[in-house]
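Remarks on the structure that follows.
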Amino acid sequence: MGFTPINDAGEPVNFCVFDLRRGQTEGQELDKILFFYPNDVSLSTQLSVIGLSEGLITFTRIFSPNAPCEVIEAEMHSHVFYEAEPDVWMVLIVEKHDDSDKIWRMDSLREVLKEVHSLFVMFNGSIRALVDKEPTGGLVRTHLYYFMMDFLSAFEKRSTLEYCCWDFSAGKKLQLPNFSDSLKERGTFQMLAMGRESALEVESLVKVIESCAGYTKCFTMVLFQDLVVSTNLSPVDSVSLFVYAVLRLTPHALSAASSWSYSHKGSAEPLIENSDAHGQSFNSHDASSLRNGSYSVLRPLQRGKWFKGEDGFLLTDIWGLDVNSSALKSPVMWLNQTEEKMYMLAYQHRGLTAIVLIPVSYVMGEQGIAKVKQQILETASVKISKVEEKLSRAWGGENAYHVSGYRYLLVDGDTCVSRATPPGKVTTLTKESLVAMNKLREEVDVEKCGAKWNNKSSLCENDLEICLRARNNAWLIARLTGGKELYMVVEKANETLLYASEAVEKFSERYCDGAFSLN
Amino acid sequence: MSSHSNGEKVEQLGRQLLIEQLIAGKASGDEEFGVEREDCNLEEEDVDSDCNTEPSDMIKESSSSIRNNFNVDEVEPRWSPSSSGYAGERGSTSGGDEINEDEGGRSEIHEVAKDDAYRPHEQWLSGKRGGDEDDASISWRKRKKHFFILSYSGKPVYSRYGDEHKLAGFSATLQAIISFVENKGDRVKLVRAGRHQIVFLVKGPLHLVCISCTGEKFEALKGQLELLYSQMIVILTKSVNRCFEKNPKFDMTSLLGGTDAVFSSLIHSFSWNPATFLHAYSCIRIPIAVRQAASAILLDVASSGILFALLICKDKVITLVGAQKASLHPDDILLLANFIMSSESFRTSESFSPICLPKYNPMAFLYAYVHYFDIDTYLILLTTRSDDFYHLKDSRMQIENVLLKSNVLSEVQKSLVDGGLHIEDLPSQVRPSHSVDSVGSTAKGFVGIGGPAGLWHFMYKSIYLEQYVSSEFSPPINSLKQQKRLFRAYQNLYITMHDRESGPHKTQFRRDDSYVLLCWVTQDFELYAAFDPLADKALAIKVCNRICQWVKDVENEVFLQGASPFSW
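Going down the list, the sequences are from chains A and B. The first sequence: position 174 = 174 (the working numbering), numbered continuously. The second sequence: position 536 = 1536 (the working numbering), numbered continuously.
Take a look at the structure:
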């Protein structure tokens, strides 16, 4: 059997969103499709992908009614399923290849789907609500289309010549998390480690900021560079806001965006432009509505749309202009935890970004927001710059969390916080070690999943220790205890198991408050 | 097709997939999904034969003997040495993976597996369970591990549970899934849904599927499907493919009639016999002189045109010899022994049956002369000649005489009672015992439970000999259920060590709520050991070293030396 590409476009990645409640009569199957990437794939291919997915969801329910199809592994492709909302499915199809970088971990791919969904919901509310709002599907499709394309553009593989000759219509490939990311954990956020004194300062800063808002129900997340310093949001909301901040708001994100804008001379983003040029083939019946812009579309992930105002507040025209004042409208988002609609204010001073979320129902529109901004400038800005100064003095740079001799990932499942060896240091590991670690993590994923199904309550009691001396003599270690996970690669180590255990013990004592120590 | 609503749903799904396929413009025609029962049996097929041993004719012979085998208990006329020894559908004992009770909760079916918690594996004689079930039955859906064989036109050939005829619709759906993905130029291997895994294996015109929620790894389940397929080759040879070339709708069930017990018993062994994943065989532990005596007489007779001679007790080899340059793969030994042990008629009289060794030559039949010396011990003489019955019978009598004279059979019986390796007997170190105690207080805590340092069990595989030895089960691994759990833990360990992409690895220490497992893979051997979950790491390592030394000390008793590569 010869290899044929998964779709007519030859794209090694397919990504679709579909709603099983739609298009239930024969001949109406197209109605199910809410989004399909790449969008220039023929309708029959799109239908066949959705058909297989739906067929297997139905089929697996025979045996596993509560947890239908999660993964299809074929010889050349992996299909990852995620039921984002009841009957709303996201399916990601990736090509695989042992000899290249196409070695995946299913759970990490599913995390990408979870991430894009929670970001979408954060700005647009649920997919189901949009479907219900306009049953023809035009509204939800338009929203999903722009959102997903903006999101996926973050995964585009960049060549070294990216900024001078990026061909918009060809050679774009999505670079999804693969084995080389086996010491990273999506769906978590990273925190800055601080001394006690700094922590107290930050705490008092948060109080000052919140008093400026004047409401007890507001939330604050403070970041230093790309690390969280403080958050009082729920873990899930913290993760979503963190992901957004690191993508678009932090100093690093802003500078990346400005260099991007420069190189693109302000043009629209390539993925979108491409699609406009070729027309929307994925849903021909409402393609015209997508093009003629009959829906007002929110594109919070669009690049180069945020900039820092003179007063230190971050500004954007993503939410449009206020009709009365013709000033920029303040960003609005939904909290996952309380399903409350919030205004989002972001103030930045050098490396420090403070994001304040204020319930929309509590503020008198843009005027109210302006007042809060004024308050922050008057009472908190000095403190912010003091804290920033303190943090940047203590900041060890991007390799601050490197522990020599170890390549590690530390995850706290309860708080969704992770810490890991800096990416630059992970790249010193051999491919062999990373592939083996990828496999080990897959095994632990299955183990965790098994614990979930066997006894839902004991998930965090799952206690596991694996020390594996791999073919290339690297030690691969996985430890799970009390809801915390530690993964470690130690290359060039002594061959005895006791040596490896000791290494973990030392690390645990020094960096994890003894969480993984046996004694 | 069942009239149940759920059955309809499945059928609907099959149709739906077909529709989708048609939309994609790649459908290969209705007949692919056709499940109409058309009785076409092999005798009516004009099968070409270009193989020396005429395997296709052998299929005829084999199949006719299968169909006749329901009367195998009758006295066999001396002039017709054709009993192939199939037991047919026999009763309803069990021991496999039963109903899954944790899902849904309110099942009327209760955990059946507990029934057999203390039933020894040897008493396993199986027919099909839940023979009246189909895919609409709740009990059927809750079975923990299904196995299916179907033809590429979607006809059911074998199902572990339920009536194949009633499962025609379900079978067509499985087939639809496989061909749907094939039409995209790919091949489906695995579908995962919660605790369930659906594993697919395509072997020419035959498709094998396992649906399991036992927590076993994909690689393990795939290996089991491979063995299931090979077991079928044992019965039919690979030339059965030609029947499908002639007629895509060929109905294979007629060829396999009465072999349910063979498959059921093999599937059962997937939960207790390490040979199914270690790809090694095990020997019964007997004094070296006894084994040498047995080997000598087998070697004597084997020189007279016998391809392989095996003396086996249950699933353990006493000795085996092979003609020059012929070598016997451990998987073939496993499948051969399973075939013989699961077919009741072999026990009742001497038999001469066409049989295929898939690793030796999947295209051709050999002839097996099988004779039980006592309830556990049997002799297999394999030849390429179909007219060798009387010669082999004479050889068997010669062998029997020698075995009786040299007390081999009684030694084997003695070993069966108490011959294995017991962890309690693990020789202590040369060092005085108090030095061990001084390493940690845990050492004392384990006195009385299992072996030293909390050792519960071990398996040792000699890579060169392709043989393994495992310790006898002792407390706290008492019940079959506990043994099965440990078996699966070993199986998972084996698979992580032998990962296709990044393995084979060298050492693994693994501690969870149930065990400490230690695995050590070298060029010469592989060691798998299970300890109490609280066992001390340093002590456990020391114990592993002692096990290796112990096995080396007794290797002449537990392994058949010089048997590999089976050439004399």
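The beta-carbon is built from N, C-alpha and C at its ideal position, and this holds for glycine as well.
### Message
So, does the region 58 to 66 of chain A touch the region 390 to 398 of chain A, judging by three or more C-beta pairs under 8 Å?
### Response
No, because fewer than three Cβ pairs between the region 58 to 66 of chain A and the region 390 to 398 of chain A fall closer than 8 Å, the two stretches do not touch.
### Task
Show which residues of chain E have a CB atom less than 7 Å away from the CB atom of A/Trp453.
The chain inventory of the structure shown lacks chain E, comprising the protein chains A and B.
#### Entry: Spatial distance of B/Lys1551 from B/Pro1248 (CA atoms)
In the second sequence, counting from the first residue as 1, residue 1551 of chain B sits at position 551. In the second sequence, counting from the first residue as 1, residue 1248 of chain B sits at position 248. It should be pointed out that residue 1551 of chain B corresponds to Val in this sequence rather than to Lys. Near 52 Å, if we compare the C-alpha coordinates of B/Pro1248 and B/Val1551.
### Task
Provide the residue span of the alpha helix (DSSP H) that contains B/Pro1287, from first to last.
Here the question's residue 1287 of chain B lines up with position 287 in the second sequence. No alpha helix (DSSP H) holds B/Pro1287; DSSP gives it neither H nor E.
### Task
Report, in whole angstroms, the separation of the C-beta atoms of B/His1268 and B/Pro1330, which I expect to be a contact under 8 Å.
Against the second sequence, residue 1268 of chain B aligns to sequence position 268. Against the second sequence, residue 1330 of chain B aligns to sequence position 330. Approximately 19 Å separates the beta-carbon atoms of B/His1268 and B/Pro1330; this is outside 8 Å, ruling out the contact.
### Query
Counting contacts by CB-CB distance shorter than 9 Å, is B/Asn1556 in contact with chain A?
Working through the second sequence from its first residue, we reach residue 1556 of chain B at position 556. Not an interface residue.
### Message
Taking 7 Å as the limit between beta carbons, can you name the residues of its chain near B/Arg1511, skipping five residues before and five after?
### Response
The count along the second sequence starts at 1 and reaches residue 1511 of chain B at position 511. Close CB contacts of B/Arg1511 within its chain, under the 7 Å cut and outside five residues either way in sequence, are with Pro1533 (chain order).
### Query
Can you tell me the Cα-Cα spacing of A/Leu152 and A/Leu174, whole angstroms?
Against the first sequence, residue 152 of chain A aligns to sequence position 152. Against the first sequence, residue 174 of chain A aligns to sequence position 174. In a straight line, the C-alpha of A/Leu152 is about 7 Å away from that of A/Leu174.
### Message
In whole angstroms, give me the CA-to-CA distance for B/Lys1414 and A/Gly482.
### Response
One-based indexing of the second sequence puts residue 1414 of chain B at position 414. One-based indexing of the first sequence puts residue 482 of chain A at position 482. Distance between the alpha carbons of B/Lys1414 and A/Gly482: 50 Å.
### Query
Mind pulling the chain B residues with CB within less than 7 Å of A/Ser501?
Counting from one through the first sequence, the residue named residue 501 of chain A turns up at place 501. What A/Ser501 touches in chain B: Lys1537.
### Query
To which residues of the same chain is B/Leu1426 closer than 8 Å at the C-beta, ignoring the five residues directly before and after it?
Within the second sequence, residue 1426 of chain B is the residue found at index 426, counting from 1. Excluding positions up to five away in sequence, the list reads Gly1451, Pro1452, Leu1455, Val1543, Arg1546, Ile1547, Trp1550.
### Query
Anyone know if the C-beta pair for B/Glu1164 and B/Thr1276 falls short of 9 Å?
As a position in the second sequence, residue 1164 of chain B is number 164, starting the count at 1. As a position in the second sequence, residue 1276 of chain B is number 276, starting the count at 1. No Cβ-Cβ contact shorter than 9 Å links B/Glu1164 with B/Thr1276.
### Cα-Cα separation between B/Pro1358 and A/Thr58, rounded to whole angstroms
For the purposes of this step, residue 1358 of chain B is taken as the residue at position 358 of the second sequence. For the purposes of this step, residue 58 of chain A is taken as the residue at position 58 of the first sequence. Rounded to the nearest whole angstrom, the C-alpha separation of B/Pro1358 and A/Thr58 is 37 Å.
### Message
With a threshold of 9 Å between beta carbons, is B/Pro958 in contact with chain A?
### Response
Here chain B covers residues 1001 to 1568 and nothing more, so residue 958 of chain B does not appear.
### Query
Where does A/Asn14 fall in DSSP's three states?
Within the first sequence, residue 14 of chain A is the residue found at index 14, counting from 1. Judged by DSSP in its simplified three-state form, A/Asn14 adopts strand.
### Task
Under the assumption that B/Gly1503 contacts A/Arg471 (Cβ atoms under 8 Å), give the Cβ distance between them as a whole number of angstroms.
Here residue 1503 of chain B refers to the residue found at position 503 of the second sequence. Here residue 471 of chain A refers to the residue found at position 471 of the first sequence. Right, their Cβ atoms sit about 6 Å apart.
### Message
Which of the three DSSP states is assigned to B/Lys1128 in this structure?
### Response
For this step, residue 1128 of chain B is matched to residue 128 along the second sequence. Residue state, collapsed to three classes: coil.
### Task
Count the other C-beta atoms from every protein chain shown that fall within 10 angstroms of the C-beta of A/Glu502, then say buried if there are 16 or more, exposed otherwise.
To locate residue 502 of chain A, count along the first sequence from 1; it is residue 502. When all chains shown are included, A/Glu502 counts as exposed.
### Query
Do B/Ile1463 and B/Asp1536 come within 9 Å of each other at the CB atom, strictly closer than that value?
Residue mapping note: residue 1536 of chain B aligns to position 536 of the second sequence, counting from 1. Residue mapping note: residue 1463 of chain B aligns to position 463 of the second sequence, counting from 1. Contact flag unset, no.
### Residue from A/Thr353, A/Glu203, A/Ile127 with nearest C-alpha to A/Val222
Mapped onto the first sequence, residue 222 of chain A falls at position 222. Taking only the C-alpha atoms, the option nearest A/Val222 is A/Thr353.
### Message
According to DSSP, simplified to helix, strand and coil, what is A/Arg469?
### Response
Taking the first residue of the first sequence as position 1, residue 469 of chain A is located at position 469. In the structure shown, A/Arg469 sits in a strand (DSSP, three-state: E or B).
#### Entry: CA nearest to the CA of A/Tyr499, picked from B/Ile1541, B/Leu1298, B/Ser1139, B/Lys1481
The residue labelled residue 499 of chain A in the question sits at position 499 within the first sequence. Looking at the Cα atoms, B/Ile1541 is the closest of the given residues.
### Three-pair Cβ contact test at 8 Å for the region 316 to 326 of chain A versus the region 196 to 204 of chain A
The region 316 to 326 of chain A vs the region 196 to 204 of chain A: no contact.
### Query
Got a sec: is the Cβ-Cβ distance from A/Phe36 to anything in chain B below 9 Å?
As a working note, residue 36 of chain A is residue 36 in the first sequence. Chain B contact via Cβ: absent.
### Extent of the continuous alpha helix (DSSP H) to which A/Lys308 belongs
On the first sequence, residue 308 of chain A is found 308 positions in, with the first residue counted as 1. Taken as a continuous stretch (DSSP letters only), A/Lys308 belongs to no alpha helix (DSSP H), being part of the beta strand (DSSP E) at 306 to 308.
### Query
What residues in the region 1166 to 1200 of chain B have a beta carbon less than 8 Å from any beta carbon of chain A?
Within the region 1166 to 1200 of chain B, the residues whose Cβ lies closer than 8 Å to any Cβ of chain A are, in chain order, Thr1173, Ala1176, Ile1177, Phe1180, Val1181, Glu1182, Lys1184, Gly1185, Asp1186, Arg1187, Val1188, Lys1189, Leu1190, Val1191, Arg1192, Ala1193, Gly1194, Arg1195, His1196, Ile1198.
### Message
If I measure Cβ to Cβ from B/Leu1409 and keep anything under 8 Å in the same chain, skipping five residues before and after, which residues do I get?
### Response
The residue you call residue 1409 of chain B lines up with position 409 of the second sequence. Excluding sequence neighbours, B/Leu1409 sits near Phe1373, Asp1374, Thr1377, Leu1403.
### Message
Less than 9 Å between the beta carbons of A/Val446 and A/Leu434, yes or no?
### Response
Sequence index remark: in the first sequence, residue 446 of chain A carries index 446 (1-based). Sequence index remark: in the first sequence, residue 434 of chain A carries index 434 (1-based). No, these two residues do not count as a Cβ contact at 9 Å.
### Query
With 16 other CB atoms within 10 Å as the buried threshold, where does A/His117 fall?
Residue mapping note: residue 117 of chain A aligns to position 117 of the first sequence, counting from 1. A/His117 counts as buried, since at least 16 other C-beta atoms from the protein chains shown sit within 10 angstroms of its C-beta.
### Task
Decide yes or no for the touch test of the region 1173 to 1184 of chain B against the region 1149 to 1163 of chain B: beta carbon pairs closer than 8 Å, at least 3 of them.
Contact holds: three or more Cβ-Cβ distances are below 8 Å.
### Message
Short of 7 Å Cβ to Cβ, which residues in the region 1506 to 1522 of chain B face chain A?
### Response
Per Cβ criterion, the list reads Lys1506, Thr1507, Gln1508, Phe1509, Arg1510, Arg1511, Asp1512, Asp1513.
### Query
Counting pairs of Cβ atoms below 8 Å between the region 410 to 420 of chain A and the region 181 to 191 of chain A, do you hit three or more?
In this structure the region 410 to 420 of chain A lies against the region 181 to 191 of chain A, because at least three pairs of beta carbons, one per stretch, are closer than 8 Å.
### Message
Measuring alpha carbon to alpha carbon, tell me which residue in A/Leu92, A/Val363, A/Arg61, A/His349 is nearest A/Gln46.
### Response
Position 46 of the first sequence, counting from 1, holds the residue named residue 46 of chain A. Closest by alpha carbon: A/Leu92.
### Task
List the endpoints of the continuous alpha helix (DSSP H) containing A/Lys371.
Counted from its first residue, the first sequence places residue 371 of chain A at position 371. Looking at the DSSP string, the run of the alpha helix (DSSP H) that includes A/Lys371 is 365 to 375.
### Query
What does DSSP give as the partner residues of B/Ile1211 in its beta bridges?
The sequence position of residue 1211 of chain B within the second sequence is 211, counting from 1. Listed as beta-bridge partners of B/Ile1211 by DSSP are B/His1146, B/Ile1198.
### Query
Is any beta-carbon of chain B found at less than 9 Å from that of A/Ile103?
Position 103 of the first sequence, counted from the first residue, corresponds to residue 103 of chain A. With its beta carbon less than 9 Å from one in chain B, A/Ile103 belongs to the interface.
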